[in-house]
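Peer 1: Here the sequence shown stands for residues -16 to -1, 1 to 462, numbered as in mature numbering (1 follows the signal peptide of the UniProt record, and there is no 0). Beta carbons: idealized from backbone N, C-alpha and C, even for Gly. Just so we're clear, the structure is a prediction, and the values are computed from it rather than from any experiment.
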Amino acid sequence: MKSLLSLLALAALCQGQIDIFCSPSNLSCLENRTRVDQALLEVPNSVTFPIQNDAFYETPVNFTLAKPGQIVKLEPQTNVTAYDVPPGTSLSRFMYASVDEKNQTVPATGIILWPFTPKTFPYNPLGTAGETKYPLVAWAHGTSGVVRQCAVSNLRNLQYDFRSVFTLANLGYAVVIADYAGLGTNVPFNYLAYKLHANDVVYGVSAAQSVFPELSTDWVSFGHSEGGGVAWAIAERQATSPIPGFLGTIAAAPPPFPIATASTASNSVFQAFLSFTIARLYSLDLASIFNPVPLQALQYVESIGGCNDAGYAAFATFNASDIYSNLSWPSSQPAVDFLADYSVSGRPLGGPMLIVQGSADTVVGTVGAMLGYNATCAVSANAQVSVQYVSVNNQDHNPSLYASQRLWLQWIEDRFNRFPLQEGCSMVNESSARPGQSVQTAERFLVEYTKPWVTIFTSTFLPSYLWKFDLGYAQGTS
Ligand SMILES: *[C@@H]1O[C@H](CO)[C@@H](O)[C@H](O)[C@H]1NC(C)=O
Ligand SMILES: *[C@@H]1O[C@H](CO)[C@@H](O)[C@H](O)[C@H]1NC(C)=O
Ligand SMILES: *[C@@H]1O[C@H](CO)[C@@H](O)[C@H](O)[C@H]1NC(C)=O
Ligand SMILES: *[C@@H]1O[C@H](CO)[C@@H](O)[C@H](O)[C@H]1NC(C)=O
Ligand SMILES: *[C@@H]1O[C@H](CO)[C@@H](O)[C@H](O)[C@H]1NC(C)=O
Ligand SMILES: *[C@@H]1O[C@H](CO)[C@@H](O)[C@H](O)[C@H]1NC(C)=O
Ligand SMILES: *[C@@H]1O[C@H](CO)[C@@H](O)[C@H](O)[C@H]1NC(C)=O
Ligand SMILES: *[C@@H]1O[C@H](CO)[C@@H](O)[C@H](O)[C@H]1NC(C)=O
Ligand SMILES: *[C@@H]1O[C@H](CO)[C@@H](O)[C@H](O)[C@H]1NC(C)=O
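1) Counting only the same chain and skipping the five closest in sequence on each side, list residues whose C-beta sits under 8 Å from that of Asn251.
2) Quick check: the Cα distance between Tyr178 and Asp163, rounded to an integer number of angstroms?
3) Using a 10 Å radius around the Cβ and a threshold of 16 neighbouring Cβ atoms, would you call Asn37 buried or exposed?
4) Does the distance between the C-beta of Val351 and the nearest non-hydrogen atom of ligand 8 fall short of 7 Å?
5) Determine which residues share a DSSP beta bridge with Phe230 and list them.
6) Within 7 Å: the Cβ of Asn37 and any heavy atom of ligand 4?
7) Should Asn87 be counted as a contact of ligand 5 given a C-beta to heavy atom distance under 7 Å?
8) Where do the ends of the beta strand (DSSP E) carrying Pro119 lie?
9) Please state the DSSP three-state secondary structure of Val363.
10) Should the region 120 to 132 be regarded as contacting the region 196 to 211, the criterion being three or more beta carbon pairs within less than 8 Å?
11) Which residues count as close to ligand 3 when the rule is a CB under 5 Å from any of its heavy atoms, in chain order?
12) Note down the Cα distance separating Arg147 from Ser384, rounded to an integer number of angstroms.
13) So what does DSSP say about residue 463, is it helix, strand or coil?
14) Let me know the alpha helix (DSSP H) ranges lying completely inside the region 248 to 281, each 4 residues or longer, listed in chain order.
15) For Asp345, which residues from the same chain have a beta carbon less than 7 Å from its beta carbon, with the 5 sequence-adjacent residues on both sides left out?
16) With ligand 1 as the reference, list in chain order each residue whose Cβ lies under 5 Å from any of its heavy atoms.
17) Kindly confirm or deny that the region 385 to 395 and the region 267 to 279 touch, where touching means at least three C-beta pairs closer than 8 Å.
18) At 4 residues or longer, and completely inside the region 348 to 417: list those alpha helix (DSSP H) runs for me, N to C.
19) For Ile440, name the three-state secondary structure that DSSP assigns.
20) Report yes if the C-beta distance between Ala219 and Leu333 is below 8 Å; otherwise report no.
21) Is it right to say Arg402 is buried, meaning 16 or more other beta carbons lie within 10 angstroms of its own, or is it exposed?
22) Going by beta-carbon coordinates alone, are Leu120 and Trp203 separated by less than 8 Å?
23) Under a three-way DSSP split, which group does Pro91 fall into?
24) Looking at the strands, I want to know which residues DSSP matches up with Lys57.
25) Is the beta carbon of Ile95 sitting closer than 8 Å to the one on Ser137?
26) For ligand 9, which residues have a Cβ under 6 Å from at least one heavy atom, in chain order?
27) Could you give the DSSP three-state label for Leu338: helix, strand or coil?
28) Of all Cβ atoms in chain B, is any one closer than 8 Å to the Cβ of Val351?
29) What is the DSSP secondary structure of Val159, counted as helix, strand or coil?
30) Going by DSSP, which residues form a beta bridge with residue 463?
31) Going by beta carbon distance, what residues of the same chain come within less than 7 Å of Thr43, once the five residues before and after it are set aside?
32) With distances taken from CA atoms, which of Leu24, Val185, Pro60, Thr48 is nearest Phe40?
33) What do you get for Ser388, buried or exposed, if any count of 16 or more other CB atoms within 10 angstroms of its CB means buried?
34) Using DSSP with H/G/I as helix, E/B as strand and the rest coil, what is Ile4?
35) Assuming Leu268 contacts Pro318 under a Cβ cut-off of 8 Å, what Cβ separation, rounded to an integer in Å, is found between them?
36) Would you mind sorting Lys51 into buried or exposed? The rule is 16 or more other CB atoms within 10 Å of its CB.
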């Protein structure tokens, strides 16, 4: 039955669920194609839709008493039936207190993907004899959307499936995934505000460790895309407000600079999502930068619990002039202030960092990661830590995670074994020895349903004129 449904979804997709003929001034057409896209591509991957129907995500009334890192709700054995996690794995969900941009407590949720049996480390036994400790990897997820419905703990494949989290669990790591406050919980989500998401991840680690003593004290953080920026922010946070056990961080495909203030607006829905955060934190006036209908279309996406793909459906066929009345809003003072306060790089790190970046990344580009690497290496305090930049030759945003899998798994294992790393910065170009055109670059498999990211980023099913992704993340000077 499930495979029949996914075939139908696939067939519908091939017939073009994105009505490419919507005019940017026709709101009902945009709302319709957003709804159709959400029903086809997003709802089937939700554990609960709408998420408000799951009482787990409700903030308890006594939350105000909680301190950062304190558990407020625990579901030790989450029902795995509704999830598509690998056989042998288990799940636990929890709600805890994190802090927001004003350092005030906010509720956040998280989920732990437990392996069947924990990986052991000959050079660093994590527990004393007879104890079983699960090595903890804190996963920082990439953009999933900007409203409660987009909580990764509510996605059947935990968003990244075999790109990262399933692979880690199958190898014996306990993967602690923070949803980021506002995804899941009923508080505003501040998209791309890396240091806030870093609070959520770090307090999530403490919260999880406080109720599951079988989790190791040692931990590694690892994130991709938006989560790559978060992973970077975690290493910076560990230099100033450390929690115990930090072994290092992996920033895969990170955009250290969340917006390119030197350039004009793009048609990326992610940049539009970001404008909502800048409006909230720095009073950017949305009505003065958007054309009215595209703004209403994006507000509609949020109102129906639409996530990445619904957002993509709202804007996919438009150019930036269709969407904005003011294309230079990225150079507005609110955007410049956001960039100054929320970019990462150029600060001391509290542990080693591995940057993994596809050289053919069409989503975040390589310039930002390289600039951030250079800025981080220029900090004298970082001469004592290891910062390694691995370029994954000719692989795109998501595919680079597969092509580099052996490398990051080895790096994580070596950290748990406490093997020393060479201090200072280094750069590696990882490349297949096979002839270029014989190397796979597309991510072409599905976990039961059609994954929007497969279709969008590797353009497996969409015609090339719909590949309008340009996050504009690469940044000049900051
Ligand atoms: C809604 O979108 C679907 C898919 O593109 C299309 O078949 C249908 O005609 C649209 N309905 C309206 C009322 O526009
Ligand atoms: C808006 O799009 C709908 C299809 O969804 C179409 O029926 C309608 O005629 C369009 N309106 C205008 C003013 O073009
Ligand atoms: C809130 O109440 C629950 C149930 O009584 C309790 O388990 C929890 O510890 C309380 N939380 C705080 C922060 O006081
Ligand atoms: C787990 O969820 C499934 C459906 O999602 C349900 O049929 C089953 O009764 C649930 N099991 C428990 C123990 O609640
Ligand atoms: C944030 O609040 C905590 C108390 O919860 C306090 O210890 C800490 O110093 C505050 N941090 C900042 C940056 O104000
Ligand atoms: C954007 O697309 C519109 C049609 O929707 C077109 O009229 C306009 O010329 C395009 N603008 C640019 C800068 O390409
Ligand atoms: C567009 O935004 C820029 C940056 O904030 C501003 O300087 C400019 O005056 C705005 N243009 C218009 C026509 O409002
Ligand atoms: C980073 O630094 C290297 C070495 O100094 C330089 O060649 C390169 O152009 C820099 N890259 C960027 C994006 O600034
Ligand atoms: C990496 O190596 C490949 C194969 O030798 C080469 O084609 C590519 O240009 C190199 N990339 C970088 C960033 O140096």
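Peer 2: Judging by the given coordinates:
1) Phe299, Phe302, Asn303, Ala304, Asp306, Ile307, Lys452, Asp454
2) 13 Å
3) exposed
4) yes
5) Trp203
6) no
7) yes
8) 118 to 124
9) coil
10) yes
11) Asn46, Leu49, Ala50
12) 9 Å
13) Any answer about residue 463 is impossible in this case: the structure gives the chain only from -16 up to 462.
14) 253 to 266
15) Ala237, Asp380, His381, Ser384
16) Asp3, Asn16, Val20
17) no
18) 351 to 361, 383 to 387, 389 to 400
19) Unreliable placement is indicated for Ile440, whose pLDDT of 40 sits below 50; the coordinate value is still reported in the next sentence. In this structure, Ile440 counts as helix in the three-state DSSP scheme.
20) yes
21) exposed
22) yes
23) strand
24) Met79
25) yes
26) Ser343, Ser375, Asn377, Asn413, Ser415
27) strand
28) Protein chain content of the structure displayed is limited to a single chain, and chain B is not contained in it.
29) strand
30) Since the first residue shown for the chain is -16 and the last is 462, residue 463 is missing from the structure and cannot be characterised.
31) Pro91, Thr169, Asn170
32) Pro60
33) buried
34) coil
35) 4 Å
36) exposed
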